[in-house]
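Q: I have a structure here, written as structure tokens, and I will follow up with some questions on it.
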Amino acid sequence: MKPIRFGVLGLTRGWSYGKLALNYEGCSVTAACDLNPTILDRFRTNYPAISLCSTYEELLAADIDAVVIAGYCTEHAPQAVQALRAGKHVLSEVTAFHTVAEGVALARAVEETGLTYMMAANTCFSATLEHMTGIARSGRLGEFMYAECEYIHNMPAPFARRPDGSMHWRFWQPCIHYCTHSLSPILKMTGDRPVSVVGMDTGDQITREWGWPTGRADMGIGLVKMARGGVVRVMVAFANSRIGGHFFQYYGTKGCMENDRISQNALYVLEKENPLAEGWVGYTPRRERLAEEIKASGAGHGGADYLVLFEFVKALREGTPPPVDIYEAADATLPGILAHRSAVEGGRPFVVPDLRDESVRKQHENDTWSPLDEALARAARAE
Numbered sequence: 013m014k015p016i017r018f019g020v021l022g023l024t025r026g027w028s029y030g031k032l033a034l035n036y037e038g039c040s041v042t043a044a045c046d047l048n049p050t051i052l053d054r055f056r057t058n059y060p061a062i063s064l065c066s067t068y069e070e071l072l073a074a075d076i077d078a079v080v081i082a083g084y085c086t087e088h089a090p091q092a093v094q095a096l097r098a099g100k101h102v103l104s105e106v107t108a109f110h111t112v113a114e115g116v117a118l119a120r121a122v123e124e125t126g127l128t129y130m131m132a133a134n135t136c137f138s139a140t141l142e143h144m145t146g147i148a149r150s151g152r153l154g155e156f157m158y159a160e161c162e163y164i165h166n167m168p169a170p171f172a173r174r175p176d177g178s179m180h181w182r183f184w185q186p187c188i189h190y191c192t193h194s195l196s197p198i199l200k201m202t203g204d205r206p207v208s209v210v211g212m213d214t215g216d217q218i219t220r221e222w223g224w225p226t227g228r229a230d231m232g233i234g235l236v237k238m239a240r241g242g243v244v245r246v247m248v249a250f251a252n253s254r255i256g257g258h259f260f261q262y263y264g265t266k267g268c269m270e271n272d273r274i275s276q277n278a279l280y281v282l283e284k285e286n287p288l289a290e291g292w293v294g295y296t297p298r299r300e301r302l303a304e305e306i307k308a309s310g311a312g313h314g315g316a317d318y319l320v321l322f323e324f325v326k327a328l329r330e331g332t333p334p335p336v337d338i339y340e341a342a343d344a345t346l347p348g349i350l351a352h353r354s355a356v357e358g359g360r361p362f363v364v365p366d367l368r369d370e371s372v373r374k375q376h377e378n379d380t381w382s383p384l385d386e387a388l389a390r391a392a393r394a395e
């Protein structure tokens with residue numbers, strides 16, 4: 013078995029995967045990169061055998077087979093394309109890309125290089141959501157009709173800038189752009205893809221109270237139409253009165269299911285037409301695969317991070333597509349980008365392009381629309 017040598021970009025979130033790879037059979041971490049000198053100094057003390065790189069280009073030139081991309085969110089796609097063109101496989105944090113044009117470039121790079129790209133959609137691998145996917149795909153609940161998925165993460169913080177003076181993405185990127193945590197598991201459950209989206213937002217009442225000048229809405233909502241006729245409501249909130257959580261509801265023609273809004277891990281399933289409470293079956297799903305390995309690894313996010321690495325390594329070793337490949341990553345990322353544009357334009361529906369099709373990609377290769385310009389203008393007016 014040929015060893016897989018990893019490089020890691022971004023030693024805060026990225027090291028969650030790097031540390032797992034360091035202890036994963038047949039894997040090693042040979043190089044790492046972070047732009048924060050304090051983080052690099054601390055890392056150098058703890059891991060002296062790993063080469064530290066001052067630039068991303070230096071990291072890609074190191075003796076690595078694959079790179080974990082976990083740096084600045086809105087730079088994931090250009091960095092992934094650069095890595096693929098340099099001959100490296102890519103495990104990229106969410107989201108996959110920031111503009112539609114970046115998605116086109118990334119899909120082309122994956123196809124042209126023949127290398128493996130996987131988006132680290134770790135919510136797909138939580139015990140509860142894997143269980144929900146199994147139920148949905150088994151047909152027990154009938155044909156998919158409707159789902160709701162929410163990612164709530166309250167993040168109050170003083171408005172701040174990066175070391176180079178630019179605004180950190182968390183202060184200006186629309187919440188709904190980060191819809192992958194919510195939408196990726198629904199794509200797994202349905203086996204379907206989005207075809208259109210309408211978006212709205214709640215305005216910036218709370219972020220204004222925090223003193224943020226960018227006008228970023230507190231909550232973003234997308235209503236997504238799926239190819240086979242189902243509908244999905246996606247909500248992402250980064251400024252609200254709740255600490256956080258992931259909430260899912262799924263309706264089929266023969267039943268429905270949802271996770272508990274308080275514990276999140278508990279699951280309730282209704283498999284018959286019964287409006288009474290006793291019709292529900294509630295339980296907490298257990299890990300159905302690799303439970304001991306996950307426990308021993310100490311992996312974050314309830315062990316989901318371990319399964320992300322497991323699936324990526326498996327794809328590399330077996331030469332098979334990863335479970336969240338570039339096309340599924342695009343299907344999970346595009347609705348958020350377009351839902352925000354819809355909200356900006358008063359709720360106009362947007363078609364979600366299928367990036368599997370080069371003729372479709374050709375139509376969108378120059379679509380570089382970004383909410384950054386809007387945020388910069390608002391911040392300038394506030395100064």
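Heads up: the sequence shown begins at 13 in this note's numbering, then just goes up one per residue.
We put the CB at the ideal spot given by N, CA and C, even for glycine.
(1) Just to confirm my understanding: we take Ala327, look at its own chain, exclude 5 residues before and 5 after, and list those with CB closer than 7 Å. What are they?
(2) Take Pro361 and list the residues in its own chain whose beta-carbon comes closer than 6 Å to its own, dropping the five residues that flank it on each side.
(3) Report yes or no: do three or more beta-carbon pairs, one from the segment 60-77 and one from the segment 36-46, lie closer than 8 Å?
(4) Between the Cα of Tyr261 and the Cα atoms of Pro197, His165, Tyr36 and Leu350, which residue gives the shortest distance?
(5) Under 8 Å Cβ to Cβ from Gly6, same chain only, skipping five residues before and after it: list those, please.
(6) With distance defined between alpha-carbon atoms, name the residue in Val356, Val20, Glu155 and Ala392 nearest to Arg240.
(7) Find out if the Cβ-Cβ distance for the pair Ile164, Ile255 is shorter than 9 Å.
(8) Could you tell me the alpha carbon to alpha carbon distance between Val95 and Thr265, rounded to whole angstroms?
(9) Grab me the residues of Gly30's own chain with a C-beta within less than 7 Å of its C-beta, minus the 5 sequence neighbours each way, in chain order.
(10) Could you check which residue in Pro175, Cys187, Lys374 and Val122 has the C-alpha nearest to that of Ala92?
(11) Could you tell me which uninterrupted alpha helix (DSSP H) segments, each at least 4 residues in length, are contained entirely in the segment 175-262, listed from first to last along the chain?
(12) Near Ala341, which residues of its chain fall below 7 Å by C-beta distance, leaving aside the five closest residues on each side in sequence?
(13) Nearest-angstrom Cα distance between Ala33 and Pro175?
(14) For Gly223 and Pro170, which I take to be in contact (beta-carbon distance under 8 Å), what is that distance rounded to the nearest angstrom?
(15) What is the DSSP secondary structure of Met167, reduced to helix, strand or coil?
(16) Over what stretch of residues does the alpha helix (DSSP H) that includes Ala113 continue unbroken?
(17) Can you name, in chain order, every residue of its own chain whose Cβ lies under 6 Å from the Cβ of Tyr339, other than the five neighbours on each side?
(18) Give me the Cα-Cα distance between Trp181 and Pro225, rounded to the nearest whole angstrom.
(19) Please state whether the Cβ-Cβ distance between Arg25 and Glu105 is less than 9 Å.
A: Judging by the given coordinates:
(1) Closer than 7 Å at Cβ, skipping near neighbours: Thr128, Met130, Pro333 and Pro334.
(2) Here the set comprises Ser208 and Val210.
(3) The segment 60-77 makes contact with the segment 36-46; the number of CB pairs closer than 8 Å reaches 3 or more.
(4) Sequence check: residue 261 is Gln here, not Tyr. Here the closest residue by C-alpha is Pro197.
(5) Only positions 13 to 395 of the chain appear in this structure, which leaves residue 6 out of reach.
(6) Closest by alpha carbon: Glu155.
(7) One thing to note: Ile164 has its Cβ within 9 Å of the Cβ of Ile255.
(8) The question names Val, but residue 95 in the sequence shown is Ala. The alpha-carbon atoms of Ala95 and Thr265 are separated by roughly 44 Å.
(9) Sequence-distant Cβ neighbours of Gly30 in its own chain, meaning closer than 7 Å and more than five residues away, are Phe18, Val20, Val41, Ala44 and Val80.
(10) Ranking Pro175, Cys187, Lys374 and Val122 by Cα distance to Ala92 puts Val122 first.
(11) With a minimum length of 4 residues, the continuous alpha helix (DSSP H) runs that stay inside the segment 175-262 are 192-202 and 217-221.
(12) So the list reads Ala108 and Met131, once near-sequence residues are dropped.
(13) Taken atom to atom, the span from the alpha-carbon of Ala33 to that of Pro175 is near 29 Å.
(14) Rounded, the Cβ-Cβ distance is 7 Å, consistent with contact.
(15) Looking at Met167 - three-state DSSP - the assignment turns out to be coil, as it is neither helix nor strand.
(16) Where Ala113 is concerned, the enclosing alpha helix (DSSP H) starts and stops at Val112 to Thr125.
(17) These residues qualify, in order along the chain: Arg368.
(18) If you take the alpha carbons of Trp181 and Pro225, they lie about 13 Å apart.
(19) Yes, these two residues count as a Cβ contact at 9 Å.
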